[in-house]
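In our numbering, the protein residues as written are -11 to 289. Even glycine gets a Cβ: it sits at the ideal position worked out from N, Cα and C.
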């Protein structure tokens, strides 16, 4: 009787008592040959399946390109590429300002203004867009590089060696924050994020007020950094605020790392890696500028 499972229709599983035996055992020999052939076919099939499985295990795992999914490694390379663009245009901004300083005796702020304005506009567009546009993120990196290069030269001409100091300090903060996040010792939380948001709004109000007071000449002319130069108990306010701002920037990095981790965990499309790199770049640039100002204030006193 045929079985519902095709595997059991093999002659090896049939009822042997139903098979008639003829003189000389010819039919028995035939059944034996059929059983051997079926067994050999099964072994060949099993060997083929095993070889296929071994080939799959030996093959390299599918990456972000094959799966079109966001991965940590792919996001890291995207971030490195964005910072590569920033460095190239920062060199352009540096030598653009330097060439005018040599020719006229004063560094031009034109690349500074172009980079700042272009970077701010693109940051707003990228942040509030519902789609990921890598081309806009590339352009943002280019404008930020122009701004960073120009403003760095300005600080370097006034305080020689400050750019190297600020760069090393920035790398140190980023490295320590990344190490703590990778070890699981720090994580973004709802409560900490609420505190960060309140502190961020307060700092933005303070920075805007400082700009207005400087433009309207309300503050003394010798106060190069406005209210940041005001002393509290003999310590420049900029140093006190600067410490808290660096902590805020470090927590912002934690949020960026957490975003990337969540994106990978949720199997987000690969293109979102560009958004992760963009977030890290915004935070690192902010951190560098703040550290640059802190060192300048410290060296001015």
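Chain-order list of residues whose beta-carbon lies under 7 Å from that of residue 289 (same chain, five-residue window excluded): These residues qualify, in order along the chain: 224.
Endpoints, the alpha helix (DSSP H) within which residue 246 is located: In the DSSP assignment, residue 246 falls within the unbroken alpha helix (DSSP H) covering 225 to 253.
Option in 240, 119, 284 and 259 with minimal Cα separation from residue 268: Measuring from the Cα of residue 268, the nearest candidate turns out to be 240.
DSSP-derived helix/strand/coil call for residue 206: Collapsing the DSSP output to three states places residue 206 in coil.
Close-in-space but distant-in-sequence residues of the same chain around residue 263 (CB under 6 Å, 5 per side omitted): When the five nearest sequence neighbours on each side are left out, the beta carbons in the same chain lying within less than 6 Å of the beta carbon of residue 263 are those of 120, in order along the chain.
Spatial neighbours of residue 150 in its chain, beta-carbon cut-off 8 Å, leaving aside the 5 residues before and after: Excluding residues within five positions, the ones whose Cβ falls inside 8 Å are 143, 144, 280, 283, 284 and 287.
Pair within 9 Å by beta-carbon distance, residue 214 and residue 198: Going by C-beta atoms, residue 214 is nearer than 9 Å to residue 198.
Contained beta strand (DSSP E) runs [length at least 3] in the region 116 to 178, N- to C-terminal order: Runs found: none.
Delimiting residues of the alpha helix (DSSP H) encompassing residue 88: Segment 60 to 92, the alpha helix (DSSP H) holding residue 88.
Own chain, CB closer than 6 Å to residue 82, minus 5 neighbours either side, in chain order: The beta carbon of residue 82 lies closer than 6 Å to those of 137 and 141 in the same chain, with the five residues before and after it left out.
Other residues of its chain near residue 70: CB distance less than 6 Å, five sequence neighbours each side excluded: Excluding sequence neighbours, residue 70 sits near 129, 265 and 269.
Which of helix, strand or coil DSSP assigns to residue 219: DSSP places residue 219 in strand when its eight states are reduced to three.
Sufficient close CB pairs (3 or more, under 8 Å) joining the region 250 to 259 to the region 53 to 63: Yes, the region 250 to 259 touches the region 53 to 63.
C-beta contact flag for residue 113 and residue 104 at 9 Å: Cβ atoms of residue 113 and residue 104: not closer than 9 Å.
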